[in-house]
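Colleague: All letters in the sequence shown, in the order written, are residues 561 to 901 by our numbering.
C-beta atoms are modelled at their ideal positions from N, C-alpha and C, and glycine is treated no differently.
One structure is given below, represented as C-alpha cells, and several questions about it will come after.
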Amino acid sequence: DKLNVAVVGATGAVGTKILEKLLERDFPASSIKMLASKRSAGQEIVAGGRSYIVEETVPESFDGIDIAFFSAGGSISQKFAPEAVKRGAVVIDNTSAFRMDEGIPLVVPEVNAHALNQHAGIIANPNCSTIQMVAALQPVKEKFGISKIIVSTYQAVSGAGAEAIDELNEQSKQFEDRVEIEAQLLPSASAEKHYPIAFNVIPQIDLFGDAGYTLEEWKMMNETKKIFGDSTIAVSATCVRLPVVTGHSESVYIEIDQDDVTVDVLRSVINEAPGVVLQDDPASQTYPMPLYAEGKDAVFVGRIRKDPSHPRGFHLWIVADNLLKGAALNSVQIAEELIKS
Ligand code: A2P
561 DKLNVAVVGA TGAVGTKILE KLLERDFPAS SIKMLASKRS AGQEIVAGGR
611 SYIVEETVPE SFDGIDIAFF SAGGSISQKF APEAVKRGAV VIDNTSAFRM
661 DEGIPLVVPE VNAHALNQHA GIIANPNCST IQMVAALQPV KEKFGISKII
711 VSTYQAVSGA GAEAIDELNE QSKQFEDRVE IEAQLLPSAS AEKHYPIAFN
761 VIPQIDLFGD AGYTLEEWKM MNETKKIFGD STIAVSATCV RLPVVTGHSE
811 SVYIEIDQDD VTVDVLRSVI NEAPGVVLQD DPASQTYPMP LYAEGKDAVF
861 VGRIRKDPSH PRGFHLWIVA DNLLKGAALN SVQIAEELIK S
C-alpha cells in the first residue's frame, strides 16, 4: 500500500534532503506534500523530474496524511505534531521537542529499531551528533560493553539550518573584502551575543544549560543513554561549531569493559557494523573528513588507536553528513522500518 507523506520544513536544509531521500530510496509514497511557513507558500521545488508546490502548514494540512516528517524547529513540532497525530498520521520528528519524553521512541534503526514496536504516534529522530556516534559505537558496545564515552565534536554550520550556511558564506565574503564581519545567527539565534563563524571556532552550540554544559551537549549525553537503553553509561560531551558547511566530525574516547582487545579487533568489529565504513590507514593518510563525507549515507570511522595510559581506553574519529545520516536519511530509515512491521 502506498502512503500519503508530508514534509514540514520542506524549504529547509533538512526538509529538502528528506524529499531527495524519499525519491532516491523509492519510498512507497502515493503523494508527497511539501509544507513550510506562509512565507514560502507557492514556491516551487523541483526534484526527481517532478515539481512540488510548497503549502503553508495548517492543522488541516495533515488530513489524510499517513507519515509526516517534521524539521521546522521545536516550536512548530510542538504546535503541529499533535494535530497531525490527531488526524491519523505518524510523525517522525527531527527536532528536540519530544526526544526525551517517556513513551516517545528515540530511534537509530541500526541500534534500537525494536523501540518502534511501541509508540503513540510520534517517533523522535535523535540529534545529528548523537546519531553518528551511536551508530559507530553500537557494535563495540554489543561485543565488548562500553562504560564511558568522552566526545568532542567539530560541527558544520548546516546543522544550524540554511540561514547559517548563508551566514558563513556572507562572512567569508566580508573577510575577503576586508569589511567588518557581521554575526547575526551563531552560536544560536536566541543567544544574547553572536560571534563570527568564518575563520573561527565557537565552543557553544545552542544555549547554555545546567552544570556549564550547553543544551547540545546535554542532548548528546541524555540521548545516548536513551538510545542505548543504558542509564549507567558515563557520557560527557563538548560541542563545537566550525566553519565547515556540511559534515560533523567527532573525536571520541571510549572505555570498554573487556581487557586485551586490540586495535585490529576493534577495527574489524566496527568494519562489520551496518551503515558504517572504516577509513583507517595512517600509512596512506586514510581517515574520514567532512568534505568527503558530504552527500554520503555512511558513518565513517578512522584514527582508531589505543589510549597509551588506559588498558581499556580507545580513541576514534567519526564523521558523517549531518543532513543525511544525522537527519534526513535516519528519518526516512525510521519510516522504512515502521512500514516493514
Ligand atoms: P520557510 O522557508 O517558509 O521559513 P532550516 O532548518 O534550514 O532553518 O529550515 C527551517 C524550515 O522550517 C524551513 O522550511 C521553514 O520554512 C520552516 N518553518 C519556519 N517557520 C515555520 C512555520 N511557522 N510553519 C511551518 N514551517 C516553518
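#1: What's the gap between the Cα of P868 and the Cα of K708?
#2: Out of G624, G609 and V606, point me to the one whose CA is closest to S590's CA.
#3: At which residues does the beta strand (DSSP E) containing I592 begin and terminate?
#4: Tell me where the alpha helix (DSSP H) around L728 begins and ends.
#5: Do V618 and Q603 come within 9 Å of each other at the CB atom, strictly closer than that value?
#6: Would you call the segment 841–861 and the segment 778–792 touching, i.e. three or more CB-CB distances under 8 Å?
#7: Give me the Cα-Cα distance between V700 and F735, rounded to the nearest whole angstrom.
#8: P871: buried (16+ other C-beta within 10 angstroms of its C-beta) or exposed?
#9: Is the segment 818–833 in contact with the segment 881–888, if contact means three or more CB pairs nearer than 8 Å?
#10: Taking a cut-off of 7 Å, which residues have a beta-carbon closer than that to any heavy atom of ligand 1, in chain order?
#11: Ordered along the chain, which non-local residues of its own chain (more than five positions away) have a Cβ less than 7 Å from that of I691?
#12: Which ranges would you report for the beta strand (DSSP E) in the segment 795–822 if only whole runs of at least 3 residues count?
#13: On a Cα-Cα basis, can you pick out the residue from Q893, A880 and K577 that is closest to A722?
#14: Starting from the Cα of S750, find the closest Cα among D840, A771, R647 and L775 and give me that residue.
#15: Could you work out which residue in S796, R801 and S809 is closest to Y852 when comparing CA atoms only?
#16: How many Å lie between S656 and E854 at the Cα?
#17: Quick one: complete alpha helix (DSSP H) runs, 4+ long, within the segment 598–651?
#18: Assuming the contact rule is C-beta atoms closer than 8 Å, V645 and I706 should be a hit. Round their C-beta distance to whole Å, please.
#19: Counting pairs of beta carbons, one from the segment 565–575 and one from the segment 631–646, are three or more of them closer than 8 Å?
#20: Am I right that P803 and A758 are in contact with their C-beta atoms under 8 Å? What's the rounded C-beta distance?
#21: According to the Cβ coordinates, are A794 and M780 closer than 9 Å?
#22: Tell me the rounded alpha-carbon separation between E777 and A649.
#23: Express the C-alpha separation of L563 and K703 in angstroms, rounding to a whole number.
#24: Could you check the C-alpha separation between I605 and A720 for me, to the nearest Å?
#25: Please list, in chain order, all residues of the same chain as E815 whose beta carbon is under 6 Å from its beta carbon, the five residues on each side excluded.
#26: Relative to the alpha-carbon of I762, which residue among K581, A743, Q893 and A673 has its alpha-carbon at the smallest distance?
#27: Going by alpha carbons, who is nearest to V800 out of N760, F658, I725 and I652?
#28: Out of curiosity, what's the CA-to-CA distance linking I627 and D819?
#29: When we look at the beta-carbon of P588 and count the other beta-carbons within 10 Å, is it buried (16 or more) or exposed?
Modeller: If we stick to the structure as given:
#1: 16 Å
#2: G624
#3: A589 to A596
#4: A722 to E736
#5: no
#6: no
#7: 44 Å
#8: exposed
#9: no
#10: V568, G569, A570, T571, G572, A573, V574, G575, L595, A596, S597, R599, S600, T617, S631, A632, G633, I636, G721, A722 and E723
#11: V668, K885, G886 and N890
#12: 808–816
#13: K577
#14: L775
#15: S809
#16: 23 Å
#17: 634–646
#18: Incorrect: roughly 35 Å between the Cβ atoms, too far for contact.
#19: yes
#20: 5 Å
#21: Not closer than 9 Å, so no.
#22: The straight-line gap from Cα to Cα measures roughly 31 Å.
#23: Their Cα atoms are separated by approximately 38 Å.
#24: 21 Å
#25: S707, K708, R872 and G873
#26: I762 has its Cα closest to that of A743, out of K581, A743, Q893 and A673.
#27: Among N760, F658, I725 and I652, the Cα nearest to that of V800 is on N760.
#28: As the crow flies, the alpha-carbon of I627 is around 46 Å from that of D819.
#29: By the Cβ neighbour-count rule, P588 is exposed, with fewer than 16 other Cβ atoms within 10 Å of its own.
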